[in-house]
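The sequence shown maps to residues 26 to 423 in my numbering.
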Amino acid sequence: MELTLTTHAPPVLLVIDDEAVQRLIVSRAAEKLGYTAHGAGSLIEATAWLHGQDADVVVLDLSLREHDGIEVLREIARLERDPVLILISGFDERVREAAARLAVALGLRVAGTIGKPLALDQLMALIAAVPHDKPRSSRAQRMTLTPGMLDAALDAGEIYCLYQPKIRLADRRVVGFEALVRWHSPAFGMIGPDAFIPFAERHGLIDRITVHVLDRALHQLSAWHDTDPGLEMAVNLSPSSLGDLMLPERISDVLAGHGIAPARLILEVTEGALMADYVAAADILTRLRIRGVGIAIDDFGTGHSSLLSLLRLPFSELKIDQHFVMGLLRDPELPKIVGAVISLAKSMDLKLVAEGIESEAVAQRLHDLGVAIGQGYLFAQPLGEDAATALLGHAALA
Ligand code: C2E
Ligand code: MG
Ligand code: MG
């Protein structure tokens with residue numbers, strides 16, 4: 026398999042619009058903000074371009090001449106990279122918002138929508154606000170990853186964790202951390218989980234990574250024990266691990282090895298993962314809960330599972346997906362949906378966590394809606410051990 030690795034090239038913006046003048050206006054605006062801009066005048070042109078290279082931002086006119094922009098959304102959703110979208114349309118705001126919701130449902134990130142005629146300052150503000158958190162692969166070098174390389178990286182200690190704090194919204198105190206895995210390759214720099222976790226899953230290396238991450242994270246938690254004995258640690262569990270019936274024993278062993286009470290560990294599983302083998306997942310998760318380990322349903326709202334079967338599993342926590350959180354103040358439907366999720370979680374006695382909080386206004390709104398715990402760049406990005414330790418000394422965040 027080809028693993029794409031990063032170099033530091035300028036960000037790339039693709040504008041898809043059948044009007045040449047609009048393409049020019051958007052391109053100039055993007056270039057002023059340091060982007061390399063490209064234009065495509067049709068669905069076919071856009072598709073061909075996107076399959077050849079990566080864009081960080083796609084500005085899409087929803088009404089292309091012979092196709093509609095919705096078809097382009099589906100094409101973009103199929104790509105491995107997920108560019109941030111800005112949608113333009115001459116239709117009224119409801120149509121634009123519906124298109125934006127569809128894009129989010131397809132798993133895409135939407136920075137915002139703009140009407141026509143194009144307000145340049147609005148467009149530039151949206152482009153300027155796009156975070157560059159993900160590695161850019163446009164000018165990336167390519168290397169072929171083999172299972173042996175990943176195995177060797179584990180042996181060499183190149184696989185490690187960053188820790189993102191979970192914050193109690195009422196008083197902004199750190200209540201725990203989520204361990205997020207990284208690979209630091211001496212040749213290629215930092216590689217994120219989206220690049221190598223799916224590979225590890227396909228090649229039978231995921232259980233080794235899970236145990237490694239668990240071991241590192243619990244080691245760190247025990248190091249923080251004196252500063253904060255109540256701190257919790259969350260670790261992501263891969264879908265493929267939910268077929269391994271020995272998992273509860275393995276996890277208990279790691280917990281015992283570090284002298285950590287099971288209740289201080291939370292395992293995060295995505296809803297899509299649960300439905301692949303519901304019976305095995307139910308078996309494993311129930312046994313883990315009986316042992317006292319917390320189980321969070323991660324990225325809630327992005328899967329397509331039956332709500333009923335989902336809620337019959339023994340969760341202790343629900344993490345509202347970041348797409349719902351990021352659009353909260355922009356999309357008038359989202360507060361209603363999030364409100365419904367909150368009452369559902371409360372009626373089932375689930376701890377509520379919102380991820381992807383990037384602004385004070387969103388943090389405040391979630392708190393008002395009744396969400397207890399938040400995670401996101403507003404408070405902190407995923408941090409190395411030292412930075413996370415330093416954070417524990419702070420009175421309150423943001
Ligand atoms: P996740 O568990 O939903 O983790 C949240 C992701 O959102 C993290 O990306 C985090 O860096 C990012 N994030 C946090 N706050 C914000 C914010 O305010 N804005 C934005 N835009 N992003 C934010 P990351 O670290 O790249 O991890 C991606 C996914 O990879 C994770 O999603 C998780 O599903 C998976 N993953 C990470 N570590 C592990 C691991 O140890 N094992 C397994 N199986 N999967 C892992
Ligand atoms: Mg997670
Ligand atoms: Mg998540």
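Glycine residues also receive a C-beta, built at the ideal position from the N, C-alpha and C atoms.
With distances taken between CB atoms, is the gap from residue i to residue j smaller than 8 Å?
i	j	result
Ala259	Ile291	yes
Leu151	Ile101	no
Leu364	Leu343	With the sequence shown as reference, residue 364 is identified as Gly, and Leu is not the correct amino acid for it. No, Cβ-Cβ distance for Gly364 and Leu343 is not below 8 Å.
Ala62	Ala55	yes
Leu179	Arg233	yes
Glu385	Gly401	no
Ala136	Ala124	no
Tyr188	Phe202	yes
Ala225	Gly268	no
Ser341	Lys371	no
Ala405	Leu417	no
Ile192	Leu359	no
Phe325	Val350	no
Ser266	Thr311	no
Asp79	Ile41	no
Leu243	Ile285	yes
Val378	Leu353	no
Gly319	Ala281	no
Cβ of residue i within 7 Å of any heavy atom in ligand 1?
i	result
Pro218	yes
Ser263	yes
Glu380	yes
Leu205	yes
Val238	yes
Gly297	no
Tyr402	yes
Thr327	no
Pro156	yes
Pro407	yes
Thr171	no
Gln189	yes
Quick check: is any heavy atom of ligand 3 less than 7 Å from the C-beta of residue i?
i	result
Asp107	no
Lys344	yes
Glu383	no
Asp251	no
Asp324	yes
Check for me: the beta strand (DSSP E) holding residue i runs from which residue to which?
i	result
Leu39	Val37 to Ile41
Pro190	Ile184 to Arg193
Thr61	Thr61 to Ala65
Met373	Taken as a continuous stretch (DSSP letters only), Met373 belongs to no beta strand (DSSP E), as it is neither H nor E.
Ser210	Arg198 to Ser210
Gly214	Gly214 to Ile216
Asp385	Here residue 385 turns out to be Glu, not Asp, going by the sequence shown. Note, Glu385: premise wrong, no beta strand (DSSP E); alpha helix (DSSP H) at Glu385 to Leu394.
Per DSSP, residue i is paired with what?
i	result
Lys344	Val378
Leu408	Tyr188
Thr414	Paired residues: none, contrary to the question.
Gly399	Ile192 and Ala379
Thr138	Leu112
Glu257	Gly201
Thr252	According to DSSP, which records beta bridges pairwise, Thr252 is partnered with nothing at all.
Val363	Partner(s): none; Val363 has no beta bridge.
Val82	Leu38 and Val109
Flag residue i as yes when its Cβ comes closer than 7 Å to any non-hydrogen atom of ligand 2, and as no otherwise.
i	result
Ala257	For clarity, residue 257 is Glu in the given sequence; the question names Ala instead. Every heavy atom of ligand 2 is 7 Å or more from the Cβ of Glu257, so no.
Glu118	no
Glu293	yes
At what residues does the alpha helix (DSSP H) containing residue i begin and finish?
i	result
Val155	First-last for Val155: undefined, no H or E at that position.
Arg233	Ile231 to Ala248
Pro172	Pro172 to Asp180
Leu49	Ala45 to Lys57
Glu70	Leu68 to Gly77
Can you tell me whether residue i sits near ligand 5, meaning its C-beta is under 7 Å from at least one heavy atom of the ligand?
i	result
Pro223	Ligand 5 is not part of the structure shown, which contains ligand 1, ligand 2 and ligand 3 as its ligands.
Length-filtered (3 minimum) beta strand (DSSP E) runs lying within the region 268-328: 290-295 and 319-325
Unbroken stretches of the alpha helix (DSSP H), 4 residues or longer, contained in the region 84-135: 94-103 and 118-130
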